Amino acid sequence: MTLSTTDSLAVYLASLSPPDLARIVTTTPTVPDEPRPTTLRHIAVCLADPETALLGCSFLSRGELQLLEVLWAVAEERPPGGAARLGRDAGGPRLDDDPVVVVDPDALLALVCGPDCAELRDLGPALDALTGRVLAWPEDGRIRLHPGAASVFPLPLGLGAPAYGLLLSQRAEDLQAIVRELGGLPAGRKDDNAGLAARLLADPDVVRRITARLDPPARAALDELTEIGIRRDPSAAWGSYGTRPQGPPAADGLARLRRRGLLLPTGDGWEMMPREVALALRGEDYRVPLEAHPPQVVTTKADRAAVLRESAAAAALAVDVASRLLHTCAIAPPQVAKGGGVGIR
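Residue numbering for the sequence shown follows the working numbering, beginning at 1 and increasing consecutively.
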C-alpha cells in the first residue's frame, strides 16, 4: 500500500535524528512558529503544503536544481487516488488527493552516469540538500518527491509525460490503431490497449524500428519534438469546434507520428511526445551533465601580519576622519533643515 504524501513525510520524519528534525522544523517557512506543531503528524501536514516545495526550490544551488529536474524526468507518477491515508482518525484507508511521485535510484544513475556508475557518492551532497528542504526523501529503497515541485518542472529536460497517462486520454479506436502500428495485437479493453501501447513505446528497439520508416517531413518534426517534447497544433485554433482539420496523409508528417503514438494530443490543441519515445530517440549514450559541486573560487593567500597592519591603519584613518568632522561641526554647526536632519552640503 502506497502512503500519501503526508503519511510518507511522517514516516520519514520519525526516522530522523533530533538535530536533523529540528533543522527542518526551524528552517521550513510553512512550519509556523506560533503555535509550533507538537506532533510529527502535524509537522508532516505543514510540510506537505505545495508552498514548501516552491519555497524550497528558491534556496537551491544550480547543481541541486539540476538534480531535482533529473529526478522529475525519471519519476514514476501515479494519479491522485492511488495512495491510502492512514491514521487513527482515518476510519480505514481512503483516497488521497495528491499524486505519488517516486524515483528508482537506478533510473537516476542511468541518466546521469550510465550503467557503469555504481553509487550515488558524487550526488550525495546535492541529495542531502534536497532532503533538507523536503523536496525529496527516501522511501522503501526509492526516492519520494514532493508533488508541490511539479509546477517548477512542467517539462523536465524537455521531456513530455509518460506514455501510459497520455494514451489513456485517447479514443478507444485510436488506441487500437496505435497498437497495430506498433506491431501489437489490440485487446478488448481500453486500459489493456493503453498498457500494451505504453510497453511497446518503452522498448527502444520498437521506437527505432517504426521511426526508421518515416518520411523526411515526419522525421524533421520528430527530431524537433525529441528536444522540446511538446507543440501546439495551429489548426486547433481555426478548425471546427471539437475537430482538427487533417490534410492529405502523404503531406502531413505529423499525422504519421500521431498514428504511431509518437505524438499524442493532450487537449486544447496541445500535443506531446511520450517521455519514453524521446529518451529512446536521444539514444543509449544520452547523459545529463550535472554541476553537482559548487564552482571553484580563485583565492589569494594573504599574510596575517599584513592584514592586521592594514586593518589597524584603516581603523586609525576612520577615527581621524570622524574626529575632524566633529571638530568642524563644533566650530561651524551645520544648519538643520526644516524637515529635520542636516543638509548634504
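Glycine included, every Cβ here is placed at the ideal spot set by N, Cα and C.
Computed from a predicted model, the values in this text were never measured in an experiment.
Buried versus exposed, by CB contacts within 10 Å (16 or more), residue i
i	result
S8	buried
C57	buried
H327	exposed
R309	exposed
I210	buried
E276	buried
S169	exposed
G267	exposed
Q176	buried
V103	buried
R324	exposed
Q66	buried
P289	exposed
R133	buried
G339	exposed
E227	exposed
R144	buried
V297	exposed
S15	exposed
G261	buried
S4	buried
G141	exposed
P334	exposed
L135	buried
L317	exposed
V307	exposed
P154	exposed
V342	exposed
Beta-carbon separation (whole angstroms), residue i vs residue j, contact threshold 8 Å
i	j	result
A149	A53	4 Å
D233	E271	6 Å
L222	L196	Going by Cβ atoms, the distance from L222 to L196 rounds to 22 Å, so no, they are not a contact pair.
L200	L182	4 Å
E77	P99	5 Å
G167	L264	Checking the sequence shown, residue 167 turns out to be Leu, not Gly. Indeed they touch by this definition, with Cβ atoms about 7 Å apart.
A198	A172	Rounded, the Cβ-Cβ distance is 15 Å, inconsistent with contact.
A126	V101	Not confirmed; about 18 Å, so no contact.
L281	V206	Their Cβ separation, rounded to whole angstroms, is 12 Å, which puts L281 and V206 out of contact at 8 Å.
P29	L60	P29 to L60, Cβ: 15 Å. No contact.
Y12	W137	4 Å
T6	A48	5 Å
Three-state class that DSSP yields for residue i in the structure shown
i	result
R94	Its pLDDT being 39, under 50, R94 is placed unreliably by the model, and nothing is read from it.
E224	helix
P265	strand
L40	helix
A347	Nothing in the structure corresponds to residue 347, since the chain is present only between 1 and 345.
R324	helix
P105	helix
V297	coil
A312	helix
A135	The sequence given here has Leu at residue 135, not Ala. Three-state result, L135: coil.
L13	helix
E34	coil
E284	coil
E276	helix
R144	strand
L130	helix
A118	Its pLDDT being 49, under 50, A118 is placed unreliably by the model, and the measurement read from it follows with that caveat. Here A118 sits in coil by DSSP.
L290	coil
L3	strand
A251	Summary for A251: the model assigns pLDDT 39, below 50, so the residue's position carries little reliability, and this model does not support an answer.
Residue-level contact to chain C via CB, residue i, 8 Å cutoff
i	result
R209	Checking the listed chains, one finds no chain C in this structure; it contains a single protein chain.
Whole runs of the alpha helix (DSSP H) within the region 156–231, excluding any shorter than 4 residues: 163–168, 172–181, 190–201, 204–211, 216–228
Stretch-stretch touch, CB-based, cutoff 8 Å, three pairs: the region 36–47 with the region 62–81: no
Any beta strand (DSSP E) of 3 or more consecutive residues that is wholly inside the region 50–83: 76–78
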